[in-house]
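Peer 1: Residue numbers (our numbering): 3 to 317.
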């Protein structure tokens, strides 16, 4: 079977992200990942003869009955974890605004950098990482493996533009993840989560019943209606008649931003969507992580790790 030729520009972009992600893990995120994500429990190691101090509940009664001497089961901590990224690579993930004086990435580049940071943190803890890239179909499945070279492959795949699809079918990818990942894993669903939320909420809820699911929402401040400085929903700026095109369907709409009523309506819709999204994640026991397209990707990750640590300490 012929191998796919690597785009030099893509490879260069992936290596830039590799360097930045590796540095962020070293300088900012050290220790956060390992302190939050632990092994899924204990696994059986061996049986040995009962010794003074052993608990009766650890006795293996089957072996004891066969040998006529008391034996106990010995267990070891199961440390190895599997991290799985479900990455939205639809056309809307290519969106990005670049206002003067703002160091801002597009949504897809931010998603790739996020994948790189978490994958490097997993590799340093000898955990496995895999990736499912999707549009309105499954574009690529990379089974979970260990190692830094494998992390570079994940970053390269995360940088790839859509190969076949342009639309979004996140529900398809979530169901696919549930089928291919049988053992409990940490699943990062990385998307802008634009579109009809009713289609992917049920699959996301099902996935969270078996796995530790984190919904990573990445949006450009303009597309999210956010005032990054104030950290809250903002009104659409007054820039006159604005012509907008849907990158996935090609549909075009004109918005009169000079109208106070139009701006107020959009602001209220943004606020309602944000509240509904937070309420759903809370009810589905899905952790929510918002990652901006400007500034450090590591900062929201570190805050997320601290939140998980505080929550674990209370349990």
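Every residue, glycine too, gets a C-beta built ideally from N, C-alpha and C.
(1) Could you say which of 90, 148 and 249 lies nearest to residue 173 if we only look at CA atoms?
(2) Within 10 angstroms of its Cβ, does residue 248 collect 16 or more other Cβ (buried), or is it exposed?
(3) Take residue 119 and list the residues in its own chain whose beta-carbon comes closer than 8 Å to its own, dropping the five residues that flank it on each side.
(4) With a threshold of 8 Å on Cβ separation, who are the neighbours of residue 192 within its own chain once the five nearest residues in sequence on each side are excluded?
(5) Taking the alpha helix (DSSP H) that residue 212 falls in, what are its first and last residues?
(6) Within the 7 Å Cβ cut-off, does residue 26 reach chain C?
(7) Does DSSP classify residue 192 as helix, strand or coil?
(8) In angstroms with no decimal places, state the Cα-to-Cα distance between residue 297 and residue 186.
(9) What does the Cβ neighbour count give for residue 320, buried or exposed, with the cut at 16 atoms within 10 Å?
(10) Can you name, in chain order, every residue of its own chain whose Cβ lies under 7 Å from the Cβ of residue 231, other than the five neighbours on each side?
(11) Quick one: residues in its chain with C-beta nearer than 8 Å to the C-beta of residue 233, no 5 flanking neighbours on either side, listed in chain order?
(12) What are the start and end residues of the beta strand (DSSP E) that includes residue 132?
(13) Runs of 4 residues minimum, wholly inside the stretch 62-119: which ones carry the alpha helix (DSSP H) assignment?
(14) Can you tell me whether residue 302 is helix, strand or coil according to DSSP?
(15) Under 7 Å, do residue 157 and residue 19 count as touching if we go by C-beta distance?
(16) Have a look at the DSSP bridge pairing and note the partners of residue 219.
(17) Are residue 93 and residue 168 touching if we call contact CB-CB under 7 Å?
Peer 2: So, to answer that:
(1) Working through the chain shown from its first residue, we reach residue 173 at position 171. Of the listed residues, the one whose Cα sits closest to residue 173 is 90.
(2) Working through the chain shown from its first residue, we reach residue 248 at position 246. By the 10 Å Cβ count, residue 248 comes out exposed.
(3) Translated into positions along the chain shown, residue 119 becomes position 117. Once the five neighbours on either side are set aside, the close Cβ partners of residue 119 are 23, 26, 27, 31, 299, 300 and 303.
(4) Start at 1 with the first residue of the chain shown, and residue 192 comes out as number 190. The residues are 87, 88, 89, 90, 113, 116, 117, 218 and 220.
(5) What you label residue 212 is simply residue 210 of the chain shown in a count that begins at 1. 199-212 is the span of the alpha helix (DSSP H), which, as asked, contains residue 212.
(6) Included in the structure is just one protein chain, with no chain C present.
(7) Residue mapping note: residue 192 aligns to position 190 of the chain shown, counting from 1. Residue state, collapsed to three classes: strand.
(8) Reading the chain shown from its first residue, position 295 is the one you call residue 297. Reading the chain shown from its first residue, position 184 is the one you call residue 186. Spanning the two alpha carbons is a distance of roughly 32 Å.
(9) Because the chain in this structure spans residues 3 to 317, residue 320 falls outside the shown range and cannot be described.
(10) Residue 231 sits at position 229 when you count from the first residue of the chain shown. Unreliable positioning characterises residue 231 in this predicted model, as indicated by a pLDDT of 45, which lies under 50. The coordinate reading is nonetheless provided below. The answer is none, since no qualifying residue turns up.
(11) Indexing the chain shown from 1 puts residue 233 at position 231. Unreliable positioning characterises residue 233 in this predicted model, as indicated by a pLDDT of 49, which lies under 50. A coordinate reading is not provided.
(12) Stepping through the chain shown from its first residue, residue 132 is reached at position 130. From DSSP, the beta strand (DSSP E) with residue 132 extends over 130-136.
(13) 63-69
(14) As a position in the chain shown, residue 302 is number 300, starting the count at 1. Three-state DSSP puts residue 302 in a helix.
(15) Locating residue 157 in the chain shown gives position 155, where the first residue counts as 1. Locating residue 19 in the chain shown gives position 17, where the first residue counts as 1. Yes, the Cβ-Cβ distance between residue 157 and residue 19 is below 7 Å.
(16) Locating residue 219 in the chain shown gives position 217, where the first residue counts as 1. Answer is 193 and 292.
(17) Counting from 1 along the chain shown, the entry for residue 93 is found at position 91. Counting from 1 along the chain shown, the entry for residue 168 is found at position 166. Yes, the pair counts as a contact, with Cβ atoms nearer than the cut-off.
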